[in-house]
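Sequence lines, in order, name chains A and B.
Numbering-wise (the numbering used here), the first sequence opens with residue 627 and increments by one.
Numbering-wise (the numbering used here), the second sequence opens with residue 627 and increments by one.
Heads up, the thing below is written out as structure tokens.
Protein chains: 2
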Amino acid sequence: MHFNELDTPAVIVDLDIMERNMQRLAAYCREHSVALRPHTKTHKIPELAKLQIQYGACGITVAKVSEARVMRDAGIDDILIAYPIVAQHKARELAHLAANTKITVSLDSLEAAQSISLSAAERAVRVGILVEVDVGLHRCGVGSAEDAVALARKILIQPNLDFRGIMFYPGHMMAPVARQRELLTPVNQFMDEVYAAFARAGIPIQVVSGGSTPTAFLSAEFHGLTEIRPGMYPFYDRNMVGAEVVPVESCALSVVVTVVSTAVSGRVILDGGSKTFSSDRFLAGHGRGFGMVVQDPAAEFEAMSEEHGHLSVAASKRAYRLGERLQIIPNHVCTTINMHERIYGVRGGQVEVSWPVAGHGKLQ
Amino acid sequence: MHFNELDTPAVIVDLDIMERNMQRLAAYCREHSVALRPHTKTHKIPELAKLQIQYGACGITVAKVSEARVMRDAGIDDILIAYPIVAQHKARELAHLAANTKITVSLDSLEAAQSISLSAAERAVRVGILVEVDVGLHRCGVGSAEDAVALARKILIQPNLDFRGIMFYPGHMMAPVARQRELLTPVNQFMDEVYAAFARAGIPIQVVSGGSTPTAFLSAEFHGLTEIRPGMYPFYDRNMVGAEVVPVESCALSVVVTVVSTAVSGRVILDGGSKTFSSDRFLAGHGRGFGMVVQDPAAEFEAMSEEHGHLSVAASKRAYRLGERLQIIPNHVCTTINMHERIYGVRGGQVEVSWPVAGHGKLQ
């Protein structure tokens, strides 16, 4: 079946581009001896996680315990939950998963460590721990080398926890490469302090987990990095193009939509809005628009209702007709896939495979 | 079970407030002889749709054919699909539903009418049609009384279609009541032209479907209105409070979240972000923030990642501790419920009922 026969809106992935994207980063990681642990919150699809492992990933990253369960149930046995687990019933579920899976969790508080330790001891399992440090995003993570060492010391004496190392997320570095290099200097200075403090304290660090899709090909320039957790790199999106991370030709994912109204002059209405694309904004330049129309770069995806996409075609030279299909590259691929129950893999225009988004709606 | 024992993030609905909201609008509609046809895209939950009908609604509205199927399968037999159905396979599905359900569709093009007519004729069913007119939002809808009459004439001669009347959506009127009254004048002038043109053409209009939650209690002042399609009125949200539609005490729905990190000074991190709340913006005043913290109006919900909510607590007098629960009233209730597989009904703090969001992910 050609993808234009799918009922719309439908998310399609160009398999040739996706496989190239996966291979390219896997090759970079091999070359630079950095482990690749993809963040599967981007797609929440076990089949794609397994493909990433097949291409050389050492395991996966997830954001939530419920996502970890979906991936574990599909047979993936090395999972980092890059999220502070504070509530006791999440810790119990975590310990349950750790019975037959290598589970590692990042955290920035003693309370989280104690909660996990308690549940792990109850079930007689071990859980790996990374101490999260804040390298500039100011979201989670302890803010100094001393605090990181102090927390690691406390983790070392908690029952059933294995302190494995350090985690950070350089989420403030989404920018063109030249600007990334400027932002990297203080990150490296901070991490050097962390390494020195751990060395002084005599606490060995096995893992330094960092990285993200925008900074993935800069990984070799991060001091001491042993693994990265990029999510978006199989697909990329309009934000990654806007930040000059990749050219538009690297975007593997688009949303197929149908023109459902042309009644209002200068506008074309599509059958996908915020419930199809998410409302995530364009993070680069002028900040406008909710996606890029593959067939007409002059069209501006200027507004959305829940189920309507509003194209301004005032500047377009193209004629639009009711019922025709368009492809839109979304601003943010992670939140777009998350809106869908199923996505489709396409090669040469033909639908080759469809994957349920098994982790769709898994929020706990 | 108390709602604070639910795993978080969890959407809870205060049943007392919700029932009061439902009753209040139903009473207004009875008093003013306007039919109430709630838009169930807000919750996508058949049990709540049936409760709305029990309180006096004449039937329901949905946005997509797939939502109509969910509601029809749950036994609801009078459904308006307030969305232009253009693709032939959606028209076939529609005709299938019309075999044992009263189905009405709004549209603004002959192409949509022809597509539905063809499928309806194939299955020997009848589908009701409303012509959508544009009263100011400039999204869908024909722009003049003459165009509306011309389209109605063409619908009247299409096999298996029943022209029932006119639909409009006053989505540009979300504002405090005084401003709504100013915006209403041109809407009424336009609709008077429409009514006059249909009268001159000798085409009877049975249904004039308008309304929305922000304008619901102004319905009696819309000329010629026979039914309204409000969605959010059982719950309301921060945007409805911001537009002075209701006081915050009328908000029935909140998201229970857990504090998962306090490591960064001046910030508190919650276990819900854009995948829990959606990224929908605050549409009133300063436009900032992603929700209102029930326990601390001085906290600003200033940013979100996919799974992290970022509270700025710089102006707060409250101490926050790891693991504690907070309730957040979201900006937009429709897109928030849509992120969840299940929501919970609470009375006096106790969870009384839980509903699967049966239409969750239904986008086609």
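The beta-carbon is built from N, C-alpha and C at its ideal position, and this holds for glycine as well.
State the DSSP-derived secondary structure class of residue i, mapped to helix, strand or coil.
i	result
Tyr654/B	helix
Asp642/A	helix
Met648/B	helix
His798/A	helix
Thr666/B	helix
Thr884/A	strand
Ser900/A	helix
Assuming contact is defined by CB atoms lying nearer than 7 Å, are residue i and residue j in contact in what I supplied?
i	j	result
Gln835/B	Leu756/B	It is worth fixing the name first, because residue 835/B is Ser in this sequence and not Gln. Taking 7 Å as the Cβ cut-off, Ser835/B and Leu756/B qualify as a contacting pair.
Thr666/A	Val639/A	no
Ala771/A	Val813/A	no
Met817/A	Thr839/A	no
Glu693/B	Gly985/B	yes
Pro664/B	Ala683/B	yes
Asp699/A	Thr727/A	no
Ser845/A	Asp734/B	no
Ala889/B	Val883/A	no
Lys780/B	Leu744/B	no
Phe927/B	Gly915/B	yes
Gln976/B	Leu952/B	no
His991/A	Arg656/B	Missing from the structure shown is residue 991/A; chain A here goes from 627 to 990 and no further.
His715/B	Asp642/A	no
Ala924/A	Ala941/A	yes
Cys877/B	Ile955/B	yes
Determine, using beta carbons only, whether residue i comes closer than 7 Å to chain A.
i	result
His658/B	no
Ala878/B	no
Pro812/B	no
Cys823/B	It is worth fixing the name first, because residue 823/B is Ala in this sequence and not Cys. Not an interface residue.
So which residues on chain A does residue i lean against when the C-beta distance must stay under 7 Å?
i	result
Arg865/B	Note that residue 865/B is Asn in the sequence shown, not Arg. Those do not exist, as Asn865/B stays about 13 Å from chain A at its closest Cβ, beyond 7 Å.
Ser745/B	Ordered by position in chain A, no residue passes the 7 Å Cβ test against Ser745/B, which lies about 14 Å from the chain.
Below 8 Å on C-beta distance, what does residue i contact in chain A?
i	result
Gly987/B	Met965, His966, Glu967, His986 and Gly987
Thr634/B	Ala713 and Gln990
Ile716/B	For the sequence presented, residue 716/B should be read as Lys rather than Ile. Within chain A, the residues near Lys716/B are Asp633.
Closest Cβ-Cβ distance between residue i and chain B: below 7 Å?
i	result
Cys684/A	no
Ile895/A	yes
Glu645/A	no
Asp734/A	yes
Ala689/A	yes
What residues of chain B sit near residue i, judged by a beta carbon separation below 9 Å?
i	result
Tyr709/A	Val886, Asp897, Glu933 and His934
So which residues on chain A does residue i lean against when the C-beta distance must stay under 9 Å?
i	result
Ser904/B	Ser900, Lys901, Ser904, Ser905 and Thr961
Lys667/B	Lys901, Glu932 and Glu933
Residues of chain B with CB under 8 Å from residue i, in chain order?
i	result
Val890/A	Asp760, His764, Arg765, Cys766, Gly767 and Gly769
List the residues of chain B that residue i touches, going by C-beta distances under 7 Å, in chain order.
i	result
Gly949/A	Val712, Ala713 and Glu737
Lys780/A	Correct list: empty, because the minimum Cβ distance to chain B is about 14 Å.
Item checked: Uninterrupted alpha helix (DSSP H) stretches inside the stretch 669–752 of chain A (no shorter than 4 residues) -> For the stretch 669–752 of chain A, whole alpha helix (DSSP H) runs of length 4 or above, ordered along the chain, are 672–680, 691–699, 714–724 and 736–749.
Notebook entry, point to check: Which runs of the beta strand (DSSP E), 3 residues or longer, sit entirely within the stretch 828–876 of chain B?
Noted result: For the stretch 828–876 of chain B, whole beta strand (DSSP E) runs of length 3 or above, ordered along the chain, are 833–836.
Notebook entry, point to check: Which runs of the alpha helix (DSSP H), 4 residues or longer, sit entirely within the stretch 924–972 of chain B?
Noted result: List check, alpha helix (DSSP H) in window: 959–963.
Checklist line | Contained beta strand (DSSP E) runs [length at least 3] in the stretch 757–825 of chain B, N- to C-terminal order | finding: Listed in chain order, they are 787–793.
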